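Enquirer: Read left to right, the sequence shown gives residues 27 to 263 (my numbering). Using N, Cα and C, we set each Cβ at its ideal position, and we do this for glycine too. These numbers come from a predicted model, not from an experiment. What follows is a structure written as structure tokens; I'll ask about it next.
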Amino acid sequence: MKEKGALILFPNVLGKGVDARDSLPEGLADVVAGIDGIIAESTQGGRSFLKKFKTKKKPHNMPLAIFNKDSEDDDIDFLLEPLADGERWGYVSDAGLPCIADPGNELVNGARAKGFDVEAYSGPSSIFLALMLSGLQGQRFTFHGYISKEKEQRENEMKDMEAYAQECHATQIFIEAPYRNVHTFQSLIEVLGDETLLCVACDLTLPTQEVICRCVGHWKKTTMPDIAKKPAIFLIA
């Protein structure tokens, strides 16, 4: 009888130079060693992940497919075809946990709809690490993903997050493309009230990690954090 195929959701490190042994579950190596191929957010990210482990084939020879925000719905059926033959394929983001702030949920839905097994392994998440390290409300929080690039809409979203945070005592969390960090921070300082708490967490798990929480009024009097082109999380309370 043919074995049942499976989609396996793998965690990844949060940045270059992080030792996988320090961040990823100890037993993950055995699971990666048994996969037949991997679906990744990018070719470079997928190969880099495989190089951290022993695999059935050399990392550059392992079957690799791409699924990211630019993929089409029709790609899902194609990507899951090997599972119909009983193969076990992994799915990995370039950093952190798959399906969190990336479109991997669509792969999971497709796999479940076809009756394939779906497995998941825990690992580092910049979103939850930022919340933990911020000291902000962790009982109630909302993650908004990426906010708008358009100035007026972006500022309205910031104001809405501030209002909800204060009304419901719920931490508001969002991320930004690293090259827009500085501009986003400046917008936050201009839009939010002086008493609002703003936390910036960047380079989490890296030697350059920095987490700073201040009232906006205090931020206006201090030097802007060094967040240019670094992975960062913004939290409002």
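Do you know offhand how far residue 75's Cα is from residue 118's?
Expert: For the purposes of this step, residue 75 is taken as residue 49 along the sequence shown, with counting starting at 1. For the purposes of this step, residue 118 is taken as residue 92 along the sequence shown, with counting starting at 1. One C-alpha to the other measures close to 8 angstroms.
Enquirer: Cα separation between residue 110 and residue 143?
Expert: Working through the sequence shown from its first residue, we reach residue 110 at position 84. Working through the sequence shown from its first residue, we reach residue 143 at position 117. Cα-Cα distance, rounded: 11 angstroms.
Enquirer: Could you check which residue in 259, 235, 215, 230 has the C-alpha nearest to that of residue 250?
Expert: Working through the sequence shown from its first residue, we reach residue 250 at position 224. For residue 250, the nearest C-alpha among the options comes from 215.
Enquirer: Please state if the CB of residue 180 and the CB of residue 173 are separated by a distance shorter than 9 angstroms.
Expert: Here residue 173 refers to the residue found at position 147 of the sequence shown. Here residue 180 refers to the residue found at position 154 of the sequence shown. In this structure, residue 180 lies closer than 9 angstroms to residue 173 by Cβ.
Enquirer: To the nearest angstrom, how far is it from the Cα of residue 168 to the Cα of residue 115?
Expert: Here residue 168 is taken as the residue at index 142 of the sequence shown, counted from 1. Here residue 115 is taken as the residue at index 89 of the sequence shown, counted from 1. Approximately 31 angstroms, taken between the alpha carbons.
Enquirer: Can you list, in chain order, the residues of its chain whose CB lies under 7 angstroms from that of residue 102, leaving out five sequence neighbours each side?
Expert: Within the sequence shown, numbered from 1, the residue matching residue 102 stands at position 76. Answer for residue 102: 132, 133, 136, listed in chain order.
Enquirer: Using the beta-carbon count (16 or more within 10 Å), is residue 70 buried or exposed?
Expert: Within the sequence shown, the letter at position 44 stands for residue 70. Answer is exposed; the Cβ neighbour count stays below 16.
Enquirer: Here's the rule: buried if 16 or more other CB atoms are within 10 angstroms of the residue's CB, otherwise exposed. What is residue 96?
Expert: As a position in the sequence shown, residue 96 is number 70, starting the count at 1. Residue 96 should be labelled exposed.
Enquirer: Tell me, to the nearest whole angstrom, how far the beta carbon of residue 253 is from that of residue 211; I am working on the premise that it is less than 8 angstroms.
Expert: Sequence index remark: in the sequence shown, residue 253 carries index 227 (1-based). Sequence index remark: in the sequence shown, residue 211 carries index 185 (1-based). Contact holds; Cβ gap of about 6 angstroms.
Enquirer: Inspect the CB distances between the stretch 31-44 and the stretch 145-159 and report whether three or more fall short of 8 angstroms.
Expert: Verdict: yes, contact present.
Enquirer: Tell me which residues share the same chain as residue 155 and place their Cβ nearer than 6 angstroms to its Cβ, disregarding the 5 neighbours each side in the sequence.
Expert: Walking along the sequence shown from the start, residue 155 turns up at place 129. Contacts found: 230.
Enquirer: Buried or exposed, going by whether 16 or more other CB atoms sit within 10 Å of the CB of residue 104?
Expert: Taking the sequence shown and counting its residues from 1, one reaches residue 104 at position 78. With fewer than 16 other Cβ atoms within 10 Å, it is exposed.
Enquirer: For residue 153 versus residue 199, is the C-beta distance shorter than 9 angstroms?
Expert: Within the sequence shown, the letter at position 127 stands for residue 153. Within the sequence shown, the letter at position 173 stands for residue 199. In contact: residue 153 and residue 199 (Cβ atoms closer than 9 angstroms).
Enquirer: Just to confirm before moving on: does the CB-CB distance between residue 123 and residue 31 stay below 9 angstroms?
Expert: In the sequence shown, residue 123 corresponds to position 97, counting from 1. In the sequence shown, residue 31 corresponds to position 5, counting from 1. The answer is no: Cβ separation not under 9 angstroms.
Enquirer: At which residues does the alpha helix (DSSP H) containing residue 154 begin and terminate?
Expert: Your numbering for residue 154 matches position 128 in the sequence shown. Element bounds for residue 154: 152-160.
Enquirer: Looking at C-alpha atoms only, which residue of 246, 65, 61, 72 is the closest neighbour of residue 82?
Expert: If you number the sequence shown from 1, residue 82 lands on position 56. With distances taken between CA atoms, residue 82 lies nearest to 61 out of 246, 65, 61, 72.
Enquirer: In three-state DSSP terms, what is residue 145?
Expert: Within the sequence shown, the letter at position 119 stands for residue 145. If DSSP states are grouped into helix, strand and coil, residue 145 belongs with the strands.
Enquirer: So what does DSSP say about residue 261, is it helix, strand or coil?
Expert: Reading the sequence shown from its first residue, position 235 is the one you call residue 261. Residue 261 falls in the strand class under three-state DSSP.
Enquirer: With a 10 Å radius around its C-beta and 16 neighbouring C-beta atoms as the bar for buried, classify residue 67 as buried or exposed.
Expert: Counting from 1 along the sequence shown, the entry for residue 67 is found at position 41. By the neighbour-count rule (16 or more Cβ atoms within 10 Å), residue 67 is buried.
Enquirer: What runs of the beta strand (DSSP E), each 3 residues or longer, lie entirely inside the stretch 202-243?
Expert: 223-228, 236-241
Enquirer: Using the Cβ count rule (16 or more neighbours within 10 Å means buried), how would you classify residue 228?
Expert: The count along the sequence shown starts at 1 and reaches residue 228 at position 202. With 16 or more Cβ atoms within 10 Å of its Cβ, residue 228 is classed as buried.
Enquirer: Please confirm whether residue 232 and residue 43 have their CB atoms less than 9 angstroms apart.
Expert: Numbered from its first residue, the sequence shown carries residue 232 at position 206. Numbered from its first residue, the sequence shown carries residue 43 at position 17. In this structure, residue 43 lies closer than 9 angstroms to residue 232 by Cβ.
Enquirer: Can you tell which of 164, 157, 188 has its C-alpha closest to the C-alpha of residue 242?
Expert: If you number the sequence shown from 1, residue 242 lands on position 216. It is 188 whose Cα lies nearest to the Cα of residue 242.
Enquirer: Report the residue from 73, 48, 224 whose alpha carbon sits nearest the alpha carbon of residue 91.
Expert: Here the question's residue 91 lines up with position 65 in the sequence shown. Residue 73 is the option with its Cα nearest to residue 91.
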